[in-house]
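Residue numbers (my numbering), protein chains in the order written: chain A, 1 to 77; chain B, 1001 to 1221.
Glycine included, every Cβ here is placed at the ideal spot set by N, Cα and C.
In this text the structure is predicted, and so the values were computed from the model without any measurement.
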Amino acid sequence: MKARVHVMLKNGVLDPQGEAVRHALGAMGFDGVDAVRQGKVIDLDLAPGTTEAQVTEMCEKLLANTVIESYTIEIAS
Amino acid sequence: MRAAVVVFPGSNCDRDLAVAFRAAGLEVDMVWHKDTELPQVDIVGVPGGFSYGDYLRCGAIAAQSPICTAVKAHADRGGYVLGICNGFQVLTETGLLPGALLRNAGLKYICRTETLRVEATDSIFTQGYRDGQEIDIPIAHHDGNYFADVATLDQLEGDGRVAFRYASNPNGSQRDIAGIVSDNRRVLGMMPHPERAADAGHGGTDGAAMFVGLIDAVAKA
């Protein structure tokens, strides 16, 4: 089974990399980009029977720092 | 008195930190990240560098290493811990200190000397300074932008746990915070490098006070 974890900085946490991308897009002539937030996608190949609860524990303990980041889990069986 | 300096793959200030401890009269054991136990030591130093290549997040993988379990147990027993730069990032990732270090607001790696204001002198690491003293200490980091939620920041300030503030904020840190201490004042994390300003040959000695009084300070504590 496979799982995909999306990790994003929480709302309210400044994302300077996203801001830099937004500025670059504006400089390239792409108007109307009001905000850019940059995150991570982590794909996991998992042994059959791995539970979503186990993936949640992986996120809480390592994959995300919940002080600054939020995460979502997609399980694709 | 003994100190241990943790060495992760990618640490690069471990030797400098050991030199600073030894110059202050401490005996130093270097401990490897795969070690599961610390030797009998009073102080653990978590050095600067790029542990595990800064993969995932700075300090995140180091925080899960076998030695960090021992460092946490040492801190939980009331042991002293000094985390500098990447070491501060590791201490926040382990949960020994609150908050997190984000990418510098200006996105650039910054390597220069900054003026810090000492705001908490009630730890063994800062007792050699005067309250409000300004000291010049080098910084060298890409992810030194201290972040915590407002409630945590208010609590840190209310409890007098902000050890150092930047006189001129270089990296976007909330409330100019450069270093903080734990509730029991025994764990200190800071982004600037006092071990790089501890010898006349470094071009500045304002960091030396963090090391020279350690033996007496521990004896008194």
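Here's the rule: buried if 16 or more other CB atoms are within 10 angstroms of the residue's CB, otherwise exposed. What is residue 1111(B)?
On the second sequence, residue 1111(B) is found 111 positions in, with the first residue counted as 1. When all chains shown are included, residue 1111(B) counts as exposed.
If you measure from the beta carbon of residue 1147(B) to each beta carbon in chain A, is any gap under 7 Å?
Taking the second sequence and counting its residues from 1, the one referred to as residue 1147(B) is at position 147. Answer yes: the Cβ-Cβ gap between residue 1147(B) and chain A drops below 7 Å somewhere.
Beta carbons nearer than 8 Å to chain A: which residues of the stretch 1098 to 1128 of chain B have them?
Against chain A - using a Cβ distance shorter than 8 Å - the residues of the stretch 1098 to 1128 of chain B are 1098, 1099, 1100, 1102, 1103, 1104, 1105, 1106 and 1107.
Are residue 1028(B) and residue 1021(B) touching if we call contact CB-CB under 7 Å?
Taking the first residue of the second sequence as position 1, residue 1028(B) is located at position 28. Taking the first residue of the second sequence as position 1, residue 1021(B) is located at position 21. In contact: residue 1028(B) and residue 1021(B) (Cβ atoms closer than 7 Å).
What are the start and end residues of the alpha helix (DSSP H) that includes residue 1022(B)?
If you number the second sequence from 1, residue 1022(B) lands on position 22. Residues 1014 to 1023.
Contact list for the stretch 8 to 31 of chain A against chain B, Cβ threshold 7 Å:
Cβ contacts with chain B come from 13, 14, 16, 17 and 20.
Is residue 1051(B) helix, strand or coil by DSSP?
On the second sequence, residue 1051(B) is found 51 positions in, with the first residue counted as 1. Three-state DSSP puts residue 1051(B) in a helix.
Relative to the C-alpha of residue 1209(B), which candidate in 1148(B), 1130(B), 1062(B) and 1085(B) has its C-alpha closest?
The count along the second sequence starts at 1 and reaches residue 1209(B) at position 209. The candidate whose alpha carbon is nearest that of residue 1209(B) is 1130(B).
Taking only three categories from DSSP, how would you classify residue 1086(B)?
Counting from 1 along the second sequence, the entry for residue 1086(B) is found at position 86. Shown here, residue 1086(B) sits in a helix according to DSSP, grouped into three states.
Taking the continuous beta strand (DSSP E) assigned at residue 1190(B), which residues delimit it?
Mapped onto the second sequence, residue 1190(B) falls at position 190. Start and end: 1187 to 1190.
Out of curiosity, what's the CA-to-CA distance linking residue 1091(B) and residue 16(A)?
Taking the second sequence and counting its residues from 1, one reaches residue 1091(B) at position 91. Taking the first sequence and counting its residues from 1, one reaches residue 16(A) at position 16. Their backbone Cα atoms lie some 23 Å apart in a straight line.
Note down, in chain order, every chain B residue with its Cβ under 7 Å from the Cβ of residue 68(A).
Your numbering for residue 68(A) matches position 68 in the first sequence. Here the neighbours are 1100, 1102 and 1147.
Rounded separation between residue 33(A) and residue 24(A) - CA only:
By one-based count along the first sequence, residue 33(A) stands at place 33. By one-based count along the first sequence, residue 24(A) stands at place 24. For residue 33(A) and residue 24(A), the distance between alpha carbons rounds to 10 Å.
Chain A contact for residue 1057(B) (CB, 7 Å cutoff):
As a first step, residue 1057(B) must be located in the second sequence, where it is residue number 57. Closer than 7 Å: yes.
Tell me which residues share the same chain as residue 1165(B) and place their Cβ nearer than 8 Å to its Cβ, disregarding the 5 neighbours each side in the sequence.
As a position in the second sequence, residue 1165(B) is number 165, starting the count at 1. Non-local C-beta neighbours of residue 1165(B) in its own chain, meaning closer than 8 Å and more than five positions away in sequence, comprise 1116, 1117, 1119, 1175, 1176, 1177 and 1178, ordered along the chain.
Within its chain, find whatever has a CB closer than 7 Å to the CB of residue 1064(B); leave out the 5 residues flanking it on each side and keep chain order.
As a working mapping, residue 1064(B) is identified with position 64 in the second sequence. In its own chain, leaving out the 5 sequence neighbours on each side, no residue places its CB closer than 7 Å to the CB of residue 1064(B).
Note down, in chain order, every chain A residue with its Cβ under 9 Å from the Cβ of residue 1064(B).
Mapped onto the second sequence, residue 1064(B) falls at position 64. In chain order: 61 and 62.
Under the three-state reduction of DSSP, which class applies to residue 36(A): helix, strand or coil?
Numbered from 1 along the first sequence, position 36 holds the residue referred to as residue 36(A). Three-state result, residue 36(A): coil.
To the nearest angstrom, how far is the alpha carbon of residue 1010(B) from that of residue 1087(B)?
Position 10 of the second sequence, counting from 1, holds the residue named residue 1010(B). Position 87 of the second sequence, counting from 1, holds the residue named residue 1087(B). Roughly 12 Å between the two C-alpha positions.
Taking residue 1178(B) as the query, report the chain A residues whose CB atoms sit under 9 Å from its CB, ordered along the chain.
Position 178 of the second sequence, counting from 1, holds the residue named residue 1178(B). Going along chain A, no residue has its Cβ under 9 Å from residue 1178(B), so there is no contact; the nearest lies around 18 Å.
For a contact meaning CB atoms closer than 8 Å, what does residue 1093(B) contact in chain A?
Taking the first residue of the second sequence as 1, we reach residue 1093(B) at position 93. Within 8 Å Cβ-Cβ: 65.
Chain A residues whose Cβ lies nearer than 8 Å to that of residue 1060(B):
Mapped onto the second sequence, residue 1060(B) falls at position 60. Taking a Cβ-Cβ threshold of 8 Å, the residues of chain A close to residue 1060(B) are 62 and 65, in chain order.
Over what stretch of residues does the alpha helix (DSSP H) that includes residue 1220(B) continue unbroken?
Taking the second sequence and counting its residues from 1, the one referred to as residue 1220(B) is at position 220. According to the DSSP assignment, residue 1220(B) belongs to the alpha helix (DSSP H) that extends over 1214 to 1220.
Tell me which same chain residues have a C-beta within less than 6 Å of the C-beta of residue 1013(B), skipping the five on either side of it?
Counting from 1 along the second sequence, the entry for residue 1013(B) is found at position 13. Around residue 1013(B): 1047, 1048 and 1049.
According to DSSP, simplified to helix, strand and coil, what is residue 1009(B)?
As a working mapping, residue 1009(B) is identified with position 9 in the second sequence. Three-state DSSP puts residue 1009(B) in coil, outside helix and strand.
Taking the CB atoms as reference points, tell me whether residue 1217(B) and residue 1124(B) lie closer together than 7 Å.
Walking along the second sequence from the start, residue 1217(B) turns up at place 217. Walking along the second sequence from the start, residue 1124(B) turns up at place 124. Going by C-beta atoms, residue 1217(B) is nearer than 7 Å to residue 1124(B).
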